[in-house]
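First up is the structure itself, then whatever we jot down about it.
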Amino acid sequence: LEGFFAAKSLAGKKVVLTAGPTYEAIDTVRGITNISSGKMGYALARACRDAGAEVTLISGPTGMPAPIGMTRINVDSARQMHDSVMQEVGRADIFIAVAAVADYRVKNRSAHKIKKEAGLPQIELEENPDILATVASLPAAPFCVGFAAESQNLLEFAERKRKKKRLPLLVANLAQHAMGADSNQVVLLDDAGEHALPDMPKPAVARAIVEHLAALLNR
Ligand code: CTP
Ligand code: CA
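Counting from 174, one number per residue, gives the positions in the sequence shown under the UniProt record's numbering.
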């Protein structure tokens with residue numbers, strides 16, 4: 174009963190999260206995406222909700238149903254995700270970027286299905302906006318949490334990312350281990366250093382991240 178009446182760690186906070194992959198169209202039926210399942214982002218959205226936060230989940234295409242007790246906004250491309258985040262983040266206390274955002278989009282997208290007889294397609298790429306870096310550099314930025322998906326030199330690359338985007342908290346994980354899986358082993362990086370968590374199901378990882386985040390926020 175004591176737990177039931179205890180104040181929830183994110184009570185009264187507004188949280189905006191991104192989750193899942195993005196999809197960058199090549200033509201009307203094909204596109205560039207990645208193996209992100211959205212499970213980590215959805216688990217974090219639920220953990221924030223359970224901690225008492227008002228949650229807006231901005232999701233790439235995952236095929237998962239919207240979790241109850243929050244607002245979900247569906248997007249496809251990185252630019253749609255960026256625009257949706259910018260609309261929502263103004264009132265947010267916390268922004269958590271879990272999405273595996275495509276770094277590049279197709280510059281010469283075809284308005285019709287590309288035909289084989291036209292020859293080998295030449296796909297030109299251009300860079301997408303960095304949503305997290307943009308939000309973190311806003312004058313009245315919310316508390317920003319990033320994820321770093323690396324395939325090698327995890328802690329070195331992740332800490333470099335945290336410094337570059339100037340994030341108070343970054344979750345480092347190995348892309349090949351985390352993406353699409355049901356469990357995850359992460360290291361939390363903040364100004365105090367490294368905090369390694371054990372390999373756990375994603376909902377448990379999400380609860381641990383929320384606890385850590387709430388402790389930093391309410392310090
Ligand atoms: N991110 C974002 N917008 C982008 C790219 C990344 O918001 N266009 C966010 C991700 O949601 C994640 C963090 O930035 O929280 C790091 O993403 P990651 O792909 O690991 O790093 P990048 O900065 O894109 O660098 P690289 O892919 O070269 O490692
Ligand atoms: Ca990237």
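We treat Cβ as the ideally placed atom computed from N, Cα and C, and that holds for glycine. What you are looking at is a predicted structure, and each value in this text was computed from that prediction instead of being measured.
#1: Would you grab the beta carbon distance between V308 and F268 for me? Rounded to a whole angstrom, and I think it's under 8 Å.
#2: What is the DSSP secondary structure of H350, reduced to helix, strand or coil?
#3: E290 by DSSP, collapsed to three states: which one?
#4: Which same chain residues end up closer than 6 Å to V262 when comparing Cβ atoms and leaving out the 5 residues on each side of it in sequence?
#5: Thinking C-alpha only, which one of N391, V202, E197 is nearest E300?
#6: Beta carbon of V271, beta carbon of I205: below 9 Å?
#7: Just confirm the distance between the C-beta atoms of V359 and L370, as a whole number of angstroms; I'd bet it's less than 8 Å.
#8: Please list the segments of the beta strand (DSSP E) lying wholly inside the segment 304 to 391, counting only runs of 3 or more residues, in order along the chain.
#9: To which residues of the same chain is I296 closer than 8 Å at the C-beta, ignoring the five residues directly before and after it?
Inspection of the coordinates gives the following:
#1: Under the criterion of beta carbons closer than 8 Å, V308 and F268 qualify as touching, at roughly 5 Å.
#2: Collapsing the DSSP output to three states places H350 in a helix.
#3: Per DSSP, reduced to three states, the secondary structure at E290 is helical.
#4: Around V262: V189, F268, V308.
#5: The residue from N391, V202, E197 with its alpha-carbon nearest to that of E300 is E197.
#6: Not in contact: V271 and I205 (Cβ atoms no closer than 9 Å).
#7: That belief holds up - the Cβ atoms of V359 and L370 are roughly 5 Å apart, short of 8 Å.
#8: If we require 3 residues or more, the beta strand (DSSP E) runs fully inside the segment 304 to 391 come out as 316 to 323, 342 to 347, 360 to 363, 366 to 369.
#9: Excluding positions up to five away in sequence, the list reads I199, V279, N281.
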